[in-house]
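K.L.:
Below you will find the structure I want to go over with you.
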Amino acid sequence: MSLDANESSENYSKSSVIGAYLFFGGAIGGGLIGLIIAIFLVLGAVLQNAVLQNIVRSIVLALLTIPSFAFFGFIVGLIPATLTGCLVAYFELYRNHKGLSQSAIIGAISTVICTLMLIVFSDFNFSLAACIFATLIGSASGYLTGLFTLPKA
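Going by the working numbering, the sequence shown wraps up at 153, each residue one higher than the last.
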């Protein structure tokens, strides 16, 4: 049993897990925010019974929103995504139900910690809604990044 644990520990590439979370974690979180905004843009144009030209314009704007927010999320989410990647690699999590749920919890906690530090060290007013939104985006980003990048068990 000890031999199997050492063998699986040797096959776990911590640097690739940290790198994957570093490069993709924030971008996935920002892309999720962009996707939410894009859905509301298109839905707003459709529900207003707008002409076809306005609906097409909102669809094009929505398609530009997602990569823009993914880039913005990469910049802003660099620190929480790296922290999440370091903790996931430290605990050697794999792509199974237990590993993905722990990755989501770690992502949520690291994102909330970074959000609270941003609120404390800047002139932003404390907002419970911002912390709840950061929790949801951090957990979804941690789960999806783990789903795409963690090694199989």
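Built from N, CA and C at the ideal position, the CB exists for glycine as well.
In the DSSP assignment, find the unbroken alpha helix (DSSP H) run with A81 in it and report its ends.
P.N.:
Counting along the chain, the alpha helix (DSSP H) containing A81 begins and ends at L78 to Y90.
K.L.:
Here's the rule: buried if 16 or more other CB atoms are within 10 angstroms of the residue's CB, otherwise exposed. What is S13?
P.N.:
With fewer than 16 Cβ atoms within 10 Å of its Cβ, S13 is classed as exposed.
K.L.:
Please report the Cβ distance between G29 and G73, rounded to the nearest whole angstrom; I am assuming they are in contact, meaning their Cβ atoms lie under 8 Å.
P.N.:
Right, their Cβ atoms sit about 5 Å apart.
K.L.:
Nearest to C86 by alpha carbon, out of N11, E10 and F23?
P.N.:
Checked all of N11, E10 and F23; the closest Cα to C86 is F23.
K.L.:
The alpha helix (DSSP H) that contains Y94, what's its start and end?
P.N.:
That residue, Y94, is in no alpha helix (DSSP H); it is neither H nor E in DSSP.
K.L.:
Note the first and the last residue of the continuous alpha helix (DSSP H) segment covering F23.
P.N.:
Looking at the DSSP string, the run of the alpha helix (DSSP H) that includes F23 is K14 to L47.
K.L.:
Tell me which same chain residues have a C-beta within less than 8 Å of the C-beta of P67, skipping the five on either side of it?
P.N.:
The answer, listed in chain order, is G31 and G34.
K.L.:
Using the Cβ count rule (16 or more neighbours within 10 Å means buried), how would you classify S155?
P.N.:
A question about residue 155 goes unanswered here, because the residues of the chain that appear run from 1 up to 153.
K.L.:
Under 6 Å Cβ to Cβ from Q102, same chain only, skipping five residues before and after it: list those, please.
P.N.:
Counting only Cβ-Cβ distances below 6 Å, and skipping sequence neighbours, we find L93.
K.L.:
Near L118, what residues of its chain come up, given a Cβ to Cβ distance below 8 Å and the 5 sequence neighbours on each side ignored?
P.N.:
Hits under 8 Å: F124.
K.L.:
Should I146 and V60 be called a contact, given that it needs their Cβ atoms to be closer than 8 Å?
P.N.:
Rather than Ile, the amino acid found at residue 146 in this sequence is Gly. In this structure, V60 does not lie closer than 8 Å to G146 by Cβ.
K.L.:
For A81 and G19, which I take to be in contact (beta-carbon distance under 8 Å), what is that distance rounded to the nearest angstrom?
P.N.:
So it is not a contact: roughly 11 Å between Cβ atoms.
K.L.:
Exposed or buried, what is Y154 when buried is set at 16 or more other beta-carbons lying within 10 Å of its beta-carbon?
P.N.:
Not covered by the structure: residue 154. The range shown for the chain is 1 to 153.
K.L.:
If distances are taken between C-alpha atoms only, which option among L116, A140 and S122 comes closest to A129?
P.N.:
It is L116.
K.L.:
Among the candidates K152, L83 and H97, whose CA atom is the shortest distance from the CA of G138?
P.N.:
The shortest C-alpha separation from G138 is found at L83.
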